[in-house]
Amino acid sequence: MRQRKDSFETLGGLPISPIPSADDVSSQPEIPGQAPYTRGVHDTMYRGRLWTMRQYAGFSSADETNARFRTLLNRGQSGLSVAFDLPTQLGMDSDDPLSYGEVGRVGVAIDSIVDMRELFDGIQLDQVSTSMTINSPAIILLAMYIAVGDEQGIDSGMLRGTVQNDILKEYIARGTHVFPPEPSMRLITDLIEYCADNHPMWNTISISGYHIREAGATAVEELAFTLSNALAYVGAAKAKGMDVDEFAPRLSFFFGCHNDFFEEVAKFRAARRLWHRLMEERYQPKNPKSSMLRFHTQTAGVTLTAQQPLNNVARVAYQAMSSVLGGTQSLHTNSYDEAIGLPTDESATIALRTQQILAEETGVADVVDPMAGSYHVEALTDLIEKEAYALICEIDDMGGALAALRTGFQQRRIHESAWKQMVEVENLTRKVVGINHARMDAEPEIEGQSIDPTIAEQQQQKLAELRSQRDNEKATATLSSLTLAAGTDANLFPIILEAVKSNCTVGEIMNALKDEYGTWMAPSGF
């Protein structure tokens, strides 16, 4: 909450009524599990099934990350979420000169199907749901995952999980894009089309507001930009000739949850209602699930402080509760030491236990949408929907999300919001414990997860062995076929799947696509 003179606002700048009443609420009572889904996508919500506890993990080598996965699964985690290192996110192999100093640092290094096998060694892929935070090379990493599933003898219809595959927010807020927008959208729709035909339980895209919010957007901007991007993906899939009901039920969303407790609850409720409205207005789907917004939530990394880091346990717990009261389908709780380094085994376990305490000890899972009927929450839900819809219409007038980002519109809005937040912290309008309020002279010393300094050498050695042992003639022919196919309208997924099974590396496959598509730099918005 921010206080300005005699008025109060949410952290996102929305006005707060001093004493909320029925006069502040315009929406009519709704039923959980029924359109427009304001009160949740299921009629029983967590009374029937808890949210998926999906902790984001990945560091160093595939072997070390596999060990962390096994630990979290043994301690009650119900889904896996893979963090990839920066070279992998950018489609570069570990022996690429541009990968120097980044291999295994912010996630796991995956160069080939060899690494993907090690990552899931001893984990049956039909027994877990796996989320992969990957965008530019998403089609390649998913192909590797499917290939490992094939090796395990998994029925293709049993693979469950999500690949982020959201390139528009990379142009807008995060920056790990490689190709120009049009070929990037083509890779996304190829993946969507292939999975619709072959992997019906796979969520083919996770349209992400999390990174938009982390970059500085307000709650309204996070929602508007995310749903605007989603409309662009729906339009691209429709342009490819797909019926909306073929793919829309498998669309998923990914939001951040920040510190303003009630604003975040209202944001999630407004998101469901607004997505249903947009889909019904524009596409009239026959399948109700096509207009049903399902989402994963991550507590806000940008709110964590290196100062007094144990305070982050409280921040994460409140954000997690806000996410659950907002009706999330799955949740990642950040570890308290993430402002210092990669989470340790201890801090990751505390983060998981936070969810388990929330689920089993607080009673919040026993009631469907317990915030319904709150004048304050209902008024905020209405206001966020109204403001976000207006911003989406503004983007529509520019020609849609893709046209707007080419001008730097979304980027500029995010920069302006981030600047306002920084100024508020500096002038004490926005208080942050440990930063500009309740500071301490002495800070506790906490060490983050250490990374094996030889990981780059290990990955480079594995790549050298792979290239010396594979059928290089077959690998080269497959890569050449991919470059040729990239210039046609053919779906590229089967060729990329063949390439990963032929032991082609992530970097080699990306370079084969670069030969046809080139690279691109998005406008900064300044």
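Residue numbering for the sequence shown follows the working numbering, beginning at 272 and increasing consecutively.
Heads up, the beta-carbon is just placed ideally off N, CA and C, and yes, glycines get one too.
- For PHE566, the uninterrupted beta strand (DSSP E) run begins and ends at 566-570, by DSSP.
- With contacts defined by Cβ atoms closer than 9 Å, VAL648 and PHE533 form a contacting pair.
- As for any alpha helix (DSSP H) of minimum length 4 sitting wholly inside the stretch 663-738, the runs are 672-678, 680-697, ordered along the chain.
- Remark: C-beta atoms of PHE524 and HIS567 approach each other more closely than 9 Å.
- Around the beta carbon of MET456, a 10 Å sphere encloses 16 or more other beta carbons of the protein chains shown; the residue is thus reported as buried.
- Contact between the stretch 772-791 and the stretch 360-380 is present: three or more C-beta pairs spanning the two stretches fall below 8 Å.
- Residues MET324, GLN326, LEU343, ARG346, GLY347, GLN348, THR604 of the same chain have their beta carbon placed closer than 8 Å to that of LEU623, with the five preceding and five following residues left out of the count.
- The three-state secondary structure of VAL296, taken from DSSP, is coil.
- The beta carbon of VAL353 sits closer than 6 Å to the beta carbons of GLY329, MET403 from its chain, once the five residues preceding and following it are set aside; these are given in chain order.
- Counting only residues of its own chain and dropping the five nearest sequence neighbours on each side, GLU493 has a CB closer than 6 Å to the CB of GLY480, ILE483, ARG484.
- Non-local beta-carbon contacts of MET387 in its own chain, meaning distances under 7 Å to residues more than five positions away in sequence, involve ILE381, MET415, TYR416, VAL419 in chain order.
- Leaving aside the five residues that flank ASN583 on each side, the residues in its chain whose CB is nearer than 6 Å to its CB run, in chain order, LEU575, TYR607.
- For ARG431, the secondary structure class from DSSP, reduced to helix, strand or coil, is strand.
- Apart from the 5 residues on each side of it in sequence, CYS775 sits with its Cβ closer than 7 Å to the Cβ of ALA746, THR749, LEU750 in its chain, given in chain order.
- Annotation: the stretch 327-406 contains the following complete segments of the alpha helix (DSSP H) (minimum length 4 residues), in chain order: 333-345, 357-360, 384-390.
- In chain order, SER331, SER332, VAL374, GLY375 place their CB closer than 6 Å to the CB of ILE726, counting only its own chain and leaving out the 5 sequence neighbours on each side.
- Under the DSSP assignment, PHE533 falls in the alpha helix (DSSP H) whose first and last residues are 532-553.
- One alpha carbon belongs to GLY634, the other to THR625, and they sit about 14 Å apart.
- PHE524 sits in a strand when the DSSP states are folded into three classes.
- As the crow flies, the alpha-carbon of PHE496 is around 47 Å from that of GLN740.
- Taking TRP546 as the centre and dropping the five residues before and after it, the same chain places the C-beta of LEU498, SER562, LEU564 closer than 7 Å to its C-beta, in chain order.
- Boundaries of the beta strand (DSSP E) around ILE478: 476-479.
- Between the alpha carbons of GLU718 and ALA661 lies a distance of about 45 Å.
- The alpha-carbon of ASP786 is positioned some 7 Å away from that of THR754.
- Going by DSSP, SER601 is part of the beta strand (DSSP E) stretching over 601-603.
- Sixteen is the threshold: since fewer than 16 other Cβ atoms of the shown chains lie within 10 Å of the Cβ of GLY319, the residue is exposed.
- Residue pairing from DSSP places MET324 in a beta bridge opposite LEU602.
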